[in-house]
Each structure stands twice: as structure tokens, then as C-alpha cells.
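Residue numbers (the working numbering): 98 to 314.
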Ligand code: GRF
């Protein structure tokens, strides 16, 4: 049997991206072993998804810790037990300390629902509509201490419709995310991602254009 990449997933909520990884691992389209899931929110549906798939899972509620560094230390203690090669943030609604981020340099990835570097932060769908943008999308990127920054691995984009609301955009963005996030994880697992000194992500054996995918949805 070939070695599968050990992946830990950090979540806070619904976990539809987590489900895409679980499905990929189960049907062998993703060469990964999900070694554990951590939620900072008690009762998050993501934890049910992990439990149903027989994946070790842990709730570490951030409110029970005096500060960010001590909470992050608790995350690290749990992750050390699972020894992940890649840590995936999937709707994890906490800012991580630079100590945590440095510990997983080029092994920590996030998905942000915008075409980065545009629209960092929250409420991206509504802000995109309010600004009258023609295009919107989602970006998978390596995490650096600066929020919603870091080398972009892959982006998916779609055209904003005249009658779109934040909700309809969110639904279509999720469809994109369930494709591009597993793809980024697959590329990592296949050791195809090279981060240059300039901070670009180059793909072995692929043209750069493959890192920006247009979806007609
Ligand atoms: C995604 O839209 C992602 O871009 C953002 O949080 C959302 C998580 O959704 N960071 P889910 O919990 O995976 O369904």
C-alpha cells in the first residue's frame, strides 16, 4: 500500500469542506488519511461528520483558555499526538498565533471565500455584491501570520448574477470549494507544490493557468 499523507482538519461549523475530504479519502480519489479533526466550537456539525466517518475528533473550546497562545498550545498538544503532515483549516473561525503558524510553515492551508488578495476578512459575499463586482470566487492558500494572506495554491471563480444574494453566492462558492480544496490537498499529497522565495506557488508538471479555474455555475 502506498503511503497516504496524514492530514488534520480544524473546523468551527458546518463542515461541508471537511465532508468533501472525507468522501475523497473514502473513495480513494484523495491519497490522504484524515488522522483527526478539532473543533473550537462545541456541538459543531463538523464533529458529527468526523464521528460518523470514524475519525478521531476533539472539541477544544477556545473560551476555556485565558489567551490565544495558551489555546494554540492546546491545539498543538493534540496535533502532536496525531502527527499530521498537513494541517487544513476548513471554516476554522479563529486567528492562529504566529508561533502556531511558524510551526507548520508550508504545511498549513486555508480556504477563503474570495479571489484573494481581494476581500480579505468577513462577509465577503455581501461585500462583493455591494461593490457590484462581476467576478467572485474562493482561494486556497498557505497560511502565514498575516490574515487571509500567504501564497495562493488554487482559486476558483464564477460570474456574479444580477439577482445573486449573499446566500445564493455562498451556495455556489461552496460548490467551487468542494472541488478546489480537495484538489489543493491532492497536489500537496503528491508533493507537487513548490513555494518560491517570492511567495508564489509553482506546480510541478502543470501550467500556472491551472491554478485559476473558471466555473460556469
Ligand atoms: C467556507 O466557505 C470557507 O471558505 C470559509 O468558511 C466556510 C466553511 O464552510 N472559510 P464549511 O464549514 O466547510 O461548510
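The beta-carbon is built from N, C-alpha and C at its ideal position, and this holds for glycine as well.
The C-beta of residue 206 has 16 or more other C-beta atoms within 10 Å across all chains shown, which makes the residue buried.
With fewer than 16 other CB atoms across the displayed protein chains lying within 10 angstroms of its CB, residue 218 is exposed.
The C-alpha of residue 273 is placed about 24 angstroms away from the C-alpha of residue 243. Between residue 233 and residue 246, the gap from beta carbon to beta carbon reaches 9 angstroms or more. Taking a C-beta distance under 9 angstroms as the contact criterion, residue 183 and residue 250 do not qualify as a contact pair.
Closer than 8 angstroms to some heavy atom of the ligand GRF: that does not describe the Cβ of residue 233. The continuous beta strand (DSSP E) containing residue 209 extends over residues 205-209. DSSP places residue 240 in the coil class of the three-state scheme, outside both helix and strand.
Residue range 263-286 is occupied by the alpha helix (DSSP H) that includes residue 281.
In the DSSP annotation of this structure, residue 223 is not part of any beta strand (DSSP E); the continuous alpha helix (DSSP H) holding it starts and ends at 221-227. Around residue 286, the same chain offers 102, 128, 129 as residues with beta carbons nearer than 6 angstroms, after the five sequence neighbours per side are excluded.
With a cut-off of 8 angstroms, the C-beta of residue 251 is classified as distant from the ligand GRF, since no heavy atom of the ligand falls inside that distance. Around the C-beta of residue 163, fewer than 16 other C-beta atoms lie within 10 Å, and the residue is accordingly described as exposed.
By the neighbour-count criterion, in which 16 or more other beta carbons inside 10 Å mark a residue as buried, residue 248 falls on the buried side.
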